[in-house]
Amino acid sequence: MLVFAHRGASADAPENTLLAINKALEQGCDGIEIDVHQHGDKLLLIHDHWLHRTTNGTGQLSEHSFEALQQLDAGLGERIPTLWQAMALIAGRCILNIEIKGVSDVQLVLDNIEKAIHELNFTLEHFIVSSFDHHLLRSIKQHNPDLKIGALTASKPIDYAGFAQALGAYSVNADVTFVDEAFVLDAKRRGLKFFVYTVDQPADLAQLASWQVDGVFSNGPGKAKMVITD
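Given below as structure tokens:
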């Protein structure tokens, strides 16, 4: 069972920062999940389009210049990184799951991925692009059929993993609250990977491992890996 660092090692460092990514790498994660918003021609690592929860800023991303955003404190003196900065730090050392939160131009994401493959020791296999916006995932798949997409869901759909299969997805990425063995088995019958977020409790890790899920997103990837190993 793969362990993805959820927003980096966000239990040990401010989420979606280079510090959180570095700690995730130090903890031996199999993959790192980050959240991306578009700001002009830049892609920024931040979960919300409002600034107040994760930075010392106020208002929305769109209300500030890129230069002003770069001056904000995202926790412990960390700045809001760009996707490219995160890619440069990871440099192909693990899987990178890019969750698209607010992106209007998917080509920006695809261009960053292509550049990282050429310059940063990544291969296409290193990347998964996920989103709750399934229309956007369909568009990405149309642009690059070989890129793996993860179809996020915060519920248990009537057709289980049918929605993900229809998208040509690589994986179902499902909320731990709604996961049961039937959902996992349905995805596997359709040839899909099954990933679960956000999993920090040992009992949940043990249950999911017994159902043979393919991976979990955890705020504490090092601890999760120890639980799974034990």
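For reference, each letter of the sequence shown is one residue, going 1 to 230 in the UniProt record's numbering. Yeah, the Cβ is synthetic: ideal placement off N, Cα and C, and Gly gets one too.
(request) Answer yes if the region 118–135 comes into contact with the region 166–173, meaning at least three C-beta pairs across the two stretches below 8 Å, and no otherwise. (result) At 8 Å Cβ cutoff, the stretches touch.
(message) Closer than 8 Å is the cut-off here; do at least three beta carbon pairs connect the region 45–64 with the region 110–122?
(response) Counting Cβ pairs under 8 Å, fewer than three are found: no touch.
(request) Whole angstroms is fine: what's the gap from E26's alpha carbon to A86's? (result) So the two alpha carbons sit approximately 15 Å from each other.
(message) Using a 10 Å radius around the Cβ and a threshold of 16 neighbouring Cβ atoms, would you call G191 buried or exposed?
(response) Exposed, since its Cβ has fewer than 16 Cβ neighbours within 10 Å.
(message) I32 and C94 - do their beta-carbons sit closer together than 7 Å?
(response) Cβ atoms of C94 and I32: closer than 7 Å.
(request) Give the single residue among F194, L136, V179 whose Cα lies nearest to the Cα of residue 246. (result) Residue coverage of the chain in this structure runs from 1 to 230, which leaves residue 246 outside it and unanswerable.
(request) Within the same chain, show all residues whose beta-carbon is closer than 7 Å to that of A74, passing over the 5 residues directly before and after it, in chain order. (result) For A74, where only same-chain residues beyond five positions count, the Cβ hits under 7 Å are P14, T17, T54, T55, I80.
(request) Starting from K188, follow its DSSP beta bridges and name the residues at the other end. (result) In DSSP, K188 forms no bridge with anything.
(request) Quick one: give me the first and last residue of the beta strand (DSSP E) that T153 is part of. (result) Judged by DSSP secondary structure, T153 falls within the beta strand (DSSP E) whose first and last residues are 148–153.
(request) Using the Cα positions of T153 and C29, report the straight-line distance between them to the nearest angstrom. (result) Cα-Cα distance, rounded: 23 Å.
(request) Would you give the residue range spanned by the beta strand (DSSP E) that H37 belongs to? (result) Unbroken beta strand (DSSP E) run through H37: 31–39.
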